[in-house]
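Residue numbers (this note's numbering): 2 to 486. Working notes, structure below.
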């Protein structure tokens, strides 16, 4: 029996706006926080603006069924917002706040965006995704799509929730669109069903000014029928609510897509990796990861940093090799790979020059869940991840070795569609990154690093210690040589 025959009415999930008009509370200096001011200071008038990048947004309706942003003010001069649902009779203040942070002329980092498509969230789920029509999702000719709302289904609706999650993954893959959705507000709230449970979407949380609290839904995905046990959120931004942090990430993505242009970085797997590798951790005293949990349980990959992500794109693309590399990658860079086979691993060489230390190295690997159509009925679409039909999730791993082929670190999650290695204080030497997997799949790999000269004691200080404190000088030498060993 087709899914179409089982659905005779439109589904209405419990869709919630992530606190009405909350985007108005975003800190005025949020662009400082994400490295945008640093970028503009460096680039000046050459700073990217998101010009030429098509974007879209879906908004939950208010009590009067309004979902469109009010773009009549000067903050939206030059913008064209196309109503893709065509049922709104007015403007929604929450949508206006989201739009301001996403593509506002003076309140975003993508003021050059001029073409925006707007959806009502229920219509997007039922019609654009094709959930109740049981057709394939409609074309999404956008680079970035923002969702500052959450939705949960009842126990009886879980099959439809999983269907919708798969459709999101199919859409992201088919149309190469970066779908960005918010986590729920409140640290004890549950991970939302829609968007947060999709593999190929980004889930955004928040952090406070002190970077001590993530007041958003956090923990693992829970749907038994679609990849439980995956940590959420993926990334955070400093804001009061996730309605604000989500368009901050979307705005940064729009800027980065302008930079990517027609390069391989415009592939969604690469762009997700670029955003995640650029995220910073030093604000958080207790950020951590493990070999099998690639990101932090509260703050994900860290805090959005558009400067770092821009530098990754500026660094350019480096191709992995199946034989030992003969040259090293740059301090910043990425790769988008479309291997026909993963029978051999792909290798990347990282060098730390003599007399220097790599203070920080952030490497992020992203690939997509493959969703296919299981229906043989014309015009019907039944999303499936059955490997026999060409669907499912590849299992890729990262291993990082030193020049002696000794393992330095690894990221080997068996449930996620990403891996992450984050290291500090790497000593001088040659290192090799290995990307391996159980089957061929497109992947995006991105990294950033920084090096500095190794600190050495000042000669005058050493002489003073040697003359006036022989025992102390002896102990100092032992500690020094111990570290060098």
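For glycine and all other residues, C-beta sits at the position ideal for the given N, C-alpha and C. From a predicted model like this one, the values you see are computed outputs, not experimental measurements.
In this model, residue 95 and residue 148 are separated by some 12 Å (Cα to Cα). A buried status is given to residue 281, since no fewer than 16 other beta-carbon atoms sit within 10 Å of its beta-carbon.
Excluding its 5 nearest sequence neighbours in each direction, residue 166 has C-beta neighbours in its own chain below 6 Å: 198, 199, 227, listed in chain order.
Boundaries for residue 264: no beta strand (DSSP E) harbours it, and the DSSP string shows neither H nor E there. Going by DSSP, residue 421 is part of the beta strand (DSSP E) stretching over 419-427.
Note that the C-beta distance between residue 306 and residue 279 is below 7 Å. Per DSSP, the continuous beta strand (DSSP E) segment holding residue 150 begins and ends at 150-153. Sequence-distant partners of residue 427 (beyond 5 residues in either direction) whose C-beta falls short of 7 Å from its own C-beta, in its chain, are 353, 358, 359, 362. Rounded to the nearest whole angstrom, the C-alpha separation of residue 253 and residue 111 is 7 Å. According to DSSP, residue pairing for residue 229 in a beta bridge does not occur. Residue 343 sits buried, since 16 or more C-beta atoms from the chains shown fall within 10 Å of its C-beta. In the structure shown, residue 288 falls within a coil segment according to DSSP collapsed to helix, strand and coil.
Only exposed fits residue 66, as fewer than 16 other CB atoms lie within 10 angstroms of its CB. Unbroken alpha helix (DSSP H) runs of no fewer than 4 residues, entirely contained in the segment 132-174, are not found. For the beta strand (DSSP E) assignment, the uninterrupted runs of no fewer than 3 residues enclosed by the segment 49-111 are, from N- to C-terminal side, 56-60, 81-84.
In the three-state reduction of the DSSP assignment, residue 294 falls in the coil class, being assigned neither a helical nor a strand state.
Judged by their CB atoms, residue 221 and residue 232 are nearer to each other than the 7 Å cut-off. Counting only the Cα atoms, residue 381 lies some 17 Å from residue 392. Annotated three-state conformation of residue 386 is coil, per DSSP. By the C-beta criterion, the segment 440-453 is judged to be in contact with the segment 324-338, since at least 3 inter-stretch pairs fall below 8 Å. Taken in chain order, the complete beta strand (DSSP E) segments of 3 or more residues contained in the segment 172-221 are 179-183, 202-208. The alpha-carbon of residue 350 is positioned some 30 Å away from that of residue 202.
Rounded to the nearest whole angstrom, the CA to CA distance from residue 90 to residue 121 is 12 Å. Just measuring C-alpha positions, the residue of 145, 184, 230, 311 sitting nearest residue 243 is 184. Here residue 270 carries a helix assignment [DSSP, helix/strand/coil]. When secondary structure is reduced to three states using DSSP, residue 257 falls in the helix class. When DSSP states are grouped into helix, strand and coil, residue 449 belongs to the strand group. In the structure shown, residue 317 adopts coil according to DSSP, grouped into three states. In this structure, the alpha-carbon of residue 68 lies about 33 Å from that of residue 419. In this structure, residue 206 lies away from residue 416, with their beta-carbon atoms at least 7 Å apart. Scanning 294, 316, 236 for the CA closest to the CA of residue 303 turns up 236. If you compare the alpha carbons of 163, 271, 451 with that of residue 367, the shortest gap goes to 271. Cβ contact annotation for residue 59 (same chain, cutoff 6 Å, sequence separation greater than five): 120, 122, 125, 148, in chain order.
A residue is called buried when at least 16 other Cβ atoms come within 10 angstroms of its Cβ; residue 44 does not meet this threshold and is exposed.
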